[in-house]
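Chemist:
Numbering (the numbering used here), first residue to last: 1 to 491.
1. Indicate the three-state DSSP secondary structure (helix, strand or coil) for residue 324 in the structure shown.
2. What are the start and end residues of the beta strand (DSSP E) that includes residue 71?
3. Note down the Cα distance separating residue 365 from residue 11, rounded to an integer number of angstroms.
4. Smallest Cα separation from residue 389: which of 460, 473, 330?
5. Classify residue 292: buried if its beta carbon has 16 or more other beta carbons within 10 angstroms, exposed otherwise.
6. Between the Cα of residue 260 and those of 241, 323, 302, 306, spot the shortest distance and give me the residue it belongs to.
7. Count Cβ pairs between the stretch 63 to 80 and the stretch 41 to 52 that sit closer than 8 Å; are there 3 or more?
8. Going by CA-CA distance only, name the one from 123, 411, 153, 111 that's closest to residue 137.
9. What are the start and end residues of the alpha helix (DSSP H) that includes residue 403?
10. Let me know if residue 162 comes out buried or exposed under the rule of 16 or more other beta-carbons within 10 Å of its beta-carbon.
11. With three or more C-beta pairs closer than 8 Å as the rule, is the stretch 161 to 180 touching the stretch 213 to 228?
12. Could you tell me whether the stretch 271 to 279 touches the stretch 117 to 128, where touching means 3 or more Cβ pairs closer than 8 Å?
13. Determine the DSSP secondary structure at residue 361, reduced to helix, strand or coil.
14. In the DSSP assignment, find the alpha helix (DSSP H) that holds residue 125 and state where it starts and stops.
15. Counting along the chain, where does the alpha helix (DSSP H) carrying residue 463 start and finish?
16. Measuring straight from C-alpha to C-alpha, what distance separates residue 484 and residue 75?
17. What residue range does the beta strand (DSSP E) around residue 245 cover?
18. Three or more C-beta pairs closer than 8 Å, one from the stretch 293 to 312 and one from the stretch 324 to 340: is that the case here?
19. Nearest to residue 5 by alpha carbon, out of 50, 25, 38, 72?
20. In chain order, which alpha helix (DSSP H) runs of at least 4 residues are fully inside the stretch 275 to 353?
21. When the Cβ atoms of the stretch 412 to 423 are set against those of the stretch 279 to 287, are three or more pairs found closer than 8 Å?
22. Would residue 91 pass as a contact of residue 238 if the rule is Cβ separation under 8 Å?
23. Do residue 232 and residue 240 count as a contact pair if the criterion is CB distance below 8 Å?
24. Counting only the same chain and skipping the five closest in sequence on each side, list residues whose C-beta sits under 7 Å from that of residue 347.
25. Round the Cβ separation of residue 22 and residue 114 to the nearest angstrom and send it over; I've been treating them as touching at under 8 Å.
26. Identify the continuous beta strand (DSSP E) that holds residue 541 and give its terminal residues.
27. Does the stretch 370 to 384 come into contact with the stretch 308 to 320, if we say contact requires no fewer than three beta-carbon pairs (one atom in each stretch) closer than 8 Å?
28. Compute the Euclidean distance between the alpha carbons of residue 378 and residue 95, then round it to the nearest angstrom.
29. In this structure, what does DSSP give as the bridge partners for residue 65?
30. Can you give me the Cβ contacts of residue 396 inside the same chain, cut-off strictly under 6 Å, excluding the 5 residues immediately before and after it?
31. Taking 8 Å as the threshold (C-beta atoms), are residue 404 and residue 327 in contact?
32. Looking only at C-alpha atoms, which of 434, 456, 429, 465 sits nearest to residue 393?
33. With a Cβ-Cβ cutoff of 8 Å, do residue 429 and residue 309 count as a contact?
34. In chain order, what residues of the same chain lie with their CB nearer than 6 Å to the CB of residue 129, ignoring the 5 residues before and after it?
35. What are the boundary residues of the alpha helix (DSSP H) that residue 230 is part of?
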């Protein structure tokens with residue numbers, strides 16, 4: 001039964017939906033050529049939703065199930081919803097110079113609908129709701145990848161992304177069907193109760209495997225990662241920045257909830273499987289990234305590697321008297337948060353280089369420090385943080401993941417994490433060298449440096465770089481929030 005107060009808890013999502021529909025109506029009625037109006041409306045709607053997120057919270061940091069136990073409002077979902085609202089707003093501002101008039105409205109509407117799906121996904125505690133949310137998130141992203149429809153590489157990226165995404169969705173539905181057939185329920189909590197008495201039956205493990213495969217596609221884990229570099233390379237850079245962060249982190253949040261709630265009785269099996277996938281993802285992502293010359297493809301493989309790092313946290317399950325303790329989940333929240341700004345910021349700087357040189361090659365960064373100092377410094381911060389250099393937030397996040405792996409007796413996985421981080425320094429530092437130690441190639445006919453970065457790009461890059469540094473220095477504050485979010489959640 002739906003209670004009146006249920007609507008109050010979903011006011012942020014309702015406002016995001018109203019913003020998306022309002023943008024469509026605005027474009028249809030006014031046909032305004034002032035694209036900044038659309039940007040203002042979208043960002044204002046997201047800021048208002050962000051405020052509502054913290055004005056309407058469950059009492060005493062408890063978890064509240066709403067809409068007939070389809071969704072839950074808890075610290076875990078609030079943590080990720082806040083992150084997604086920030087990332088969506090930054091994406092719309094970043095795309096301001098790429099799309100004019102109507103296209104920016106289309107771009108913003110697609111971002112808003114995908115944002116709605118992500119916000120619902122992290123609060124889903126029912127298989128049906130989770131599937132609807134994941135498709136609401138994914139379908140606009142497929143369109144975003146091919147929004148520059150006159151570019152062949154963009155259309156190719158969109159088709160590959162759509163085809164593999166549809167396959168993953170089909171596998172997910174199959175896994176959900178098996179789970180429902182075995183348990184007789186679509187609720188994650190009730191699923192766990194039933195599976196407690198079913199033990200490690202082969203068909204239960206088969207259902208778990210199907211769901212892990214499907215979500216493995218969504219988070220770009222090895223061996224389900226093939227779509228990632230092509231999608232990132234072909235998509236417009238602002239769209240690629242969003243795809244690399246929002247849908248990936250949202251799917252990872254769902255994966256963590258599925259493992260810790262629905263399949264908690266199978267925690268030991270899930271831990272080993274996820275640990276192997278995490279190790280393979282870290283190794284392959286980092287090794288293949290070394291040979292890339294296209295910056296967006298390199299960031300694509302970097303994103304794959306960081307999926308592996310996040311999976312380390314999900315796999316870090318400690319067993320005490322056969323009772324699982326999910327020691328790595330707070331580290332997943334922390335690293336997911338800082339990963340979002342590190343990677344998004346790196347794509348934003350890549351976009352600056354693209355607008356200046358017309359190229360996505362790493363060579364387009366040559367001498368950037370001489371023509372765009374602030375983006376150059378920011379890119380160095382992002383690359384060093386992604387490597388895991390202290391005192392930046394990437395180092396702090398990897399340290400928490402390392403501690404979780406050791407606590408869960410996954411010492412071998414901790415060694416893989418450290419080793420692959422060392423390997424990653426090769427391609428991340430290559431970018432820093434290109435920026436500060438190579439002669440500039442982006443010049444006009446008279447030999448002068450090409451135009452400086454747009455103000456909107458500088459704003460986005462500054463925010464991302466500032467948060468990357470801030471959460472490295474005062475990372476304990478973000479970790480406290482993550483730990484509180486987990487302790488007050490259905491996990």
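Glycine residues also receive a C-beta, built at the ideal position from the N, C-alpha and C atoms. The model shown is predicted, which means the values in this text are computed figures rather than measured ones.
Modeler: So, from the listed chains and residues:
1. For the purposes of this step, residue 324 is taken as residue 324 along the chain shown, with counting starting at 1. DSSP places residue 324 in strand when its eight states are reduced to three.
2. Position 71 of the chain shown, counted from the first residue, corresponds to residue 71. 71 to 73 is the extent of the beta strand (DSSP E) around residue 71.
3. Numbered from its first residue, the chain shown carries residue 365 at position 365. Numbered from its first residue, the chain shown carries residue 11 at position 11. Each residue's alpha carbon lies about 43 Å from the other.
4. Against the chain shown, residue 389 aligns to sequence position 389. Selected option, being the one with the closest Cα: 473.
5. Within the chain shown, the letter at position 292 stands for residue 292. So residue 292 counts as buried.
6. As a working mapping, residue 260 is identified with position 260 in the chain shown. The shortest Cα separation from residue 260 among 241, 323, 302, 306 belongs to 323.
7. no
8. Working through the chain shown from its first residue, we reach residue 137 at position 137. Closest option to residue 137, Cα to Cα, is 111.
9. The residue labelled residue 403 in the question sits at position 403 within the chain shown. Here the alpha helix (DSSP H) through residue 403 covers 393 to 407.
10. On the chain shown, residue 162 is found 162 positions in, with the first residue counted as 1. Result: buried.
11. yes
12. no
13. Locating residue 361 in the chain shown gives position 361, counting from the first residue. In this structure, residue 361 counts as strand in the three-state DSSP scheme.
14. Walking along the chain shown from the start, residue 125 turns up at place 125. Note, residue 125: premise wrong, no alpha helix (DSSP H); not H, not E.
15. The residue you call residue 463 lines up with position 463 of the chain shown. Its alpha helix (DSSP H) spans residues 455 to 473.
16. Your numbering for residue 484 matches position 484 in the chain shown. Your numbering for residue 75 matches position 75 in the chain shown. Roughly 7 Å between the two C-alpha positions.
17. Looking up residue 245 in the chain shown gives position 245. Counting along the chain, residue 245 falls outside any beta strand (DSSP E), though it belongs to the alpha helix (DSSP H) covering 237 to 257.
18. yes
19. Against the chain shown, residue 5 aligns to sequence position 5. Minimum Cα distance to residue 5 is reached at 72.
20. 295 to 315
21. yes
22. Position 91 of the chain shown, counting from 1, holds the residue named residue 91. Position 238 of the chain shown, counting from 1, holds the residue named residue 238. Yes, the pair counts as a contact, with Cβ atoms nearer than the cut-off.
23. For this step, residue 240 is matched to residue 240 along the chain shown. For this step, residue 232 is matched to residue 232 along the chain shown. A contact, by the Cβ cut-off of 8 Å.
24. Within the chain shown, numbered from 1, the residue matching residue 347 stands at position 347. Excluding residues within five positions, the ones whose Cβ falls inside 7 Å are 237, 240, 241, 244, 299.
25. Within the chain shown, residue 22 is the residue found at index 22, counting from 1. Within the chain shown, residue 114 is the residue found at index 114, counting from 1. Their Cβ separation, rounded to whole angstroms, is 16 Å, which puts residue 22 and residue 114 out of contact at 8 Å.
26. No answer is possible for residue 541: the residues shown for the chain start at 1 and end at 491.
27. no
28. As a first step, residue 378 is located in the chain shown; it is residue number 378 there, counting from the start. As a first step, residue 95 is located in the chain shown; it is residue number 95 there, counting from the start. The alpha-carbon atoms of residue 378 and residue 95 are separated by roughly 19 Å.
29. Mapped onto the chain shown, residue 65 falls at position 65. According to DSSP, residue 65 bridges with 72.
30. Indexing the chain shown from 1 puts residue 396 at position 396. Closer than 6 Å at Cβ, skipping near neighbours: 472, 475.
31. Against the chain shown, residue 327 aligns to sequence position 327. Against the chain shown, residue 404 aligns to sequence position 404. It is a contact, given that the beta carbons lie within the stated cut-off.
32. Within the chain shown, residue 393 is the residue found at index 393, counting from 1. Minimum Cα distance to residue 393 is reached at 465.
33. Taking the chain shown and counting its residues from 1, the one referred to as residue 429 is at position 429. Taking the chain shown and counting its residues from 1, the one referred to as residue 309 is at position 309. No, the pair does not count as a contact, with Cβ atoms beyond the cut-off.
34. Here residue 129 is taken as the residue at index 129 of the chain shown, counted from 1. Result list for residue 129: 70, in chain order.
35. Here the question's residue 230 lines up with position 230 in the chain shown. From DSSP, the alpha helix (DSSP H) with residue 230 extends over 227 to 234.
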